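A.B. asks: Quick note: the sequence shown, position 8, residue 8 per the UniProt record's numbering, numbers continuous. A virtual CB, placed ideally from N, CA and C, is assigned to each residue, including glycine. Computed from a predicted structure; not experimentally measured.
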Amino acid sequence: DQYLEERLQLLDEQLATVTRLAKDNELPDAILTESGLKITPLDAAVPDRAQALIDQTSQLLPRIKITELLMDVDDWTGFSRHFTHLKDGAEAKDRTLLLSAILGDAINLGLTKMAESSPGLTYAKLSWLQAWHIRDETYSGSVPAEGEMTP
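#1: Count the other CB atoms within 10 Å of the CB of alanine 106; is the residue buried (16 or more) or exposed (fewer)?
#2: May I ask you to report which of helix, strand or coil DSSP gives isoleucine 107?
#3: Can you tell me whether DSSP reads glycine 78 as helix, strand or coil?
#4: Quick check for students: name the residue ranges of the beta strand (DSSP E) that lie wholly in the region 36-62, counting only runs of 3 or more.
#5: Using 8 Å as the threshold, is the C-beta distance between tyrosine 123 and alanine 131 below it?
#6: Expressed to the nearest angstrom, what Euclidean distance is found between the alpha-carbon atoms of leucine 86 and leucine 37?
#7: Which residue wins for smallest C-alpha separation from threonine 67, given the options Leu60, Ser80, Asp55?
#8: Rounded to whole angstroms, how far is the Cβ of serine 142 from the Cβ of leucine 121, which I believe are closer than 8 Å?
#9: Could you check if isoleucine 134 is buried or exposed, using at least 16 other CB atoms within 10 Å of its CB as the buried criterion?
#10: How about leucine 32 and lysine 23: do their beta carbons lie closer than 8 Å?
#11: Pull up the distance between the alpha-carbon of aspartate 48 and that of leucine 42, whole angstroms please.
#12: With 16 as the cutoff for other CB atoms within 10 Å, does alanine 92 come out buried or exposed?
#13: Exposed or buried, which one is leucine 129 when buried takes at least 16 other CB atoms within 10 Å?
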């Protein structure tokens with residue numbers, strides 16, 4: 001009880017300070033207008049040292065297509081085997097098409113834009129594969145249980 005009372009008293013004091021500073025227009029990076037309190041957005045600048053590390057790390061990473069990365073992950077985990085055909089339970093015959101449809105779904109790109117941005121893919125192929133192989137239960141099955149990371 002005493003701790004809570006102390007915290008409430010401190011909160012009241014700090015709110016009184018903020019109220020006074022706002023009325024006097026002395027809040028750092030904020031002003032009080034008729035429409036309310038306007039707070040200056042934070043600067044998104046990255047410190048020079050951090051940017052140098054970001055650039056250095058980025059140069060160490062190989063330049064690969066994201067679908068190639070998905071294929072590598074699928075090789076390690078076998079998650080694509082869970083995206084089975086709705087009627088006969090068969091795995092998708094075209095793994096690249098399957099992974100492209102999953103990627104389009106994951107990044108909320110949609111099938112039309114995914115087809116437009118990927119040579120060799122068509123909306124019709126992606127749509128057919130999505131309709132027959134990609135469902136909530138196939139997504140659920142593709143997520144491994146804790147400790148299961150092998151096909």
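C.D. replies: Once the coordinates are examined:
#1: Its Cβ having fewer than 16 others within 10 Å, alanine 106 is exposed.
#2: Correct three-state label for isoleucine 107: coil.
#3: In this structure, glycine 78 counts as coil in the three-state DSSP scheme.
#4: With a minimum length of 3 residues, the continuous beta strand (DSSP E) runs that stay inside the region 36-62 are 36-39.
#5: No, the Cβ-Cβ distance between tyrosine 123 and alanine 131 is not below 8 Å.
#6: Note on geometry: alpha-carbon atoms of leucine 86 and leucine 37 lie some 55 Å from one another.
#7: Of the candidates Leu60, Ser80, Asp55, the one whose C-alpha sits nearest the C-alpha of threonine 67 is Ser80.
#8: 21 Å between Cβ atoms; not a contact.
#9: Isoleucine 134 counts as buried, since no fewer than 16 other beta carbons sit within 10 angstroms of its beta carbon.
#10: Taking a C-beta distance under 8 Å as the contact criterion, leucine 32 and lysine 23 qualify as a contact pair.
#11: When rounded, the distance between both Cα atoms is 17 Å.
#12: Burial call: buried.
#13: Flag for leucine 129 reads buried.
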